[in-house]
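Numbering (the UniProt record's numbering), first residue to last: 360 to 650.
Positions of the beta carbon are idealized from the N, C-alpha and C atoms, including for glycine.
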Ligand code: C2E
Ligand code: MG
Ligand code: MG
Ligand code: MG
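Now the structure itself:
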C-alpha cells in the first residue's frame, strides 16, 4: 500500500491529492479505494458528531453526524479525500446507509433515555438519484420509529441540481417521512435561487468560507447578511457553519442567525461524549437574550 500511504501522507499534510495524470497518484487512489471498500464491508467506519446550538436560547439541541475513517496502515483519512473517492468508486451510498442507520439508532436511543436530540446526516447526489435508496431509508425509519424532526438531511445545491426532477421526488418523499432538508455549503454552488421555492427545504447552512472571513472581508459579511435575510424572508431557518470565535458568534447573533455550528461551540466528538457535553454546555449558559 505504499502508493496509498504517500497519498494519505499528502492528504494529512493538506497537499492537493489530484495532480491529473500522475501514475503514482492514480495507483494510490485505486489502492485507497480498495482499502475503503474493505473498511465499509468490515464496519470500520466511525460516526462522530458536532453540536448545533440555538443562537437565541444558546441551548444545544442536536449535532451533525460526520463520518470518520482510520485505516490501520494509512492512519486517519480526511472525508474531503475519501468521500470523493467513494463517489467515484460507487461506494457512497453504502457509507450513507451506514451513517443513516447509526444516526437513526442514536436518536432512537436518546429519545428512549429521555434525552432527545436531533442529528443531521449528509447525503450525496448519488443517494437522492436512486429511489430504491429512499425506500431503504423509509423502511429503516419505520423499523426504528424515528420521531418527526429528529433527523435532518444535508444536501449541497449541486447535489440537487444534478437531476432536479429526481431530486425533487426524493426530497418530497423524505419530507413526507418527517425528515427536514437542510441546504449545506449554501452560496458555493452555481445554482439559481429559484430552487429554494420549489424544493421542500427547511433550512440553509451558510458555507463556512463566508462565516470565517466575515470579520475581515466586507464582501463575505455582505453575503452572510443577505443570506440570513433571504432565508428568513423565505420562511427558512438559517444555520451558520464554521463559527470559530466570539466575534463571529456575536455578529451572527446580532443579525438573527438561528443556529450555530463550529469550533467556537465544539469540535466534532465521539457520539458517546455528546450527552455529557450537552449537559455541561447547557448548564454553563447564561440563558436567552445574552449574547
Ligand atoms: P460539511 O458537511 O460541510 O461538514 C462541515 C465540516 O466542517 C466538517 O469537516 C467539520 O468538522 C468542519 N468544521 C466544523 N466547524 C468548523 C470550524 O469552526 N472550523 C473549521 N475549520 N472547520 C469546521 P469534516 O468532518 O472533515 O467533513 C468535511 C466534509 O466531508 C463535510 O462537509 C461533508 O461534505 C463531507 N462529509 C463528512 N461526513 C460525511 C458523510 O457521512 N457523508 C457524506 N456524503 N459526506 C460527508
Ligand atoms: Mg454537512
Ligand atoms: Mg457544510
Ligand atoms: Mg463544507
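Check: Among 523, 447, 425, 493, nearest to residue 462 - alpha-carbon criterion; Outcome: 425
Check: Rounded Cβ spacing between residue 536 and residue 432 (contact assumed at less than 8 Å); Outcome: Not confirmed; about 40 Å, so no contact.
Check: Proximity below 9 Å, CB of residue 474 to CB of residue 637; Outcome: yes
Check: Anticipated Cβ contact below 8 Å, residue 579 with residue 610, distance rounded; Outcome: Going by Cβ atoms, the distance from residue 579 to residue 610 rounds to 11 Å, so no, they are not a contact pair.
Check: The stretch 497 to 512 contacting the stretch 443 to 453, beta-carbon criterion three pairs below 8 Å; Outcome: no
Check: Cβ-heavy atom distance, residue 456 to ligand 3, below 8 Å; Outcome: no
Check: Rounded straight-line distance, which links the Cα of residue 583 to that of residue 368; Outcome: 35 Å
Check: Chain C contact for residue 602 (CB, 9 Å cutoff); Outcome: Judged by its chain identifiers, the structure shown contains no chain C, having just a single protein chain.
Check: Residue 633 versus residue 520 - alpha carbon distance; Outcome: 34 Å
Check: Contacts around residue 478, its chain only, beta-carbon distance under 8 Å, and the 5 residues preceding and following it disregarded; Outcome: 408, 421, 422, 423, 424, 462, 465, 466, 509, 510, 511
Check: Where residue 512 falls: helix, strand or coil (DSSP); Outcome: strand
Check: Nearest residue (CA-CA) to residue 607, options 567, 454, 411, 630; Outcome: 567
Check: Same chain, Cβ closer than 7 Å to residue 559, five either side skipped, listed in chain order; Outcome: 530, 531, 534, 540
Check: Contact test: residue 337 Cβ vs ligand 1 heavy atom, cutoff 8 Å; Outcome: With the chain represented from 360 up to 650, any question about residue 337 goes unanswered, as that position is not in the structure.
Check: Integer Cβ distance of residue 454 from residue 493, believed to fall under 8 Å; Outcome: Not quite, the Cβ-Cβ distance comes to about 16 Å (not below 8 Å), so this is no contact.
Check: Bridge partners - residue 427, DSSP secondary structure assignment; Outcome: 405
Check: Through-space distance from residue 604 to residue 640, alpha-carbon basis; Outcome: 16 Å
Check: Terminal residues of the alpha helix (DSSP H) in which residue 555 lies; Outcome: 554 to 557
Check: Reduced DSSP secondary structure (H/G/I, E/B, other) of residue 563; Outcome: strand
Check: Residue 628 (DSSP reduced to helix, strand or coil); Outcome: strand
Check: Local Cβ density within 10 Å of residue 586, reported as buried at 16 or more and exposed below that; Outcome: buried
Check: Residue 543 Cβ short of 8 Å to ligand 2 heavy atom set; Outcome: yes
Check: Distance cut-off 8 Å: residue 564 Cβ against heavy atoms of ligand 2; Outcome: yes
Check: Proximity of residue 388 and residue 404 at Cβ, strictly below 9 Å; Outcome: no
Check: Contacts around residue 504, its chain only, beta-carbon distance under 8 Å, and the 5 residues preceding and following it disregarded; Outcome: 467
Check: Length-filtered (4 minimum) alpha helix (DSSP H) runs lying within the stretch 467 to 523; Outcome: 484 to 487, 490 to 503, 516 to 520
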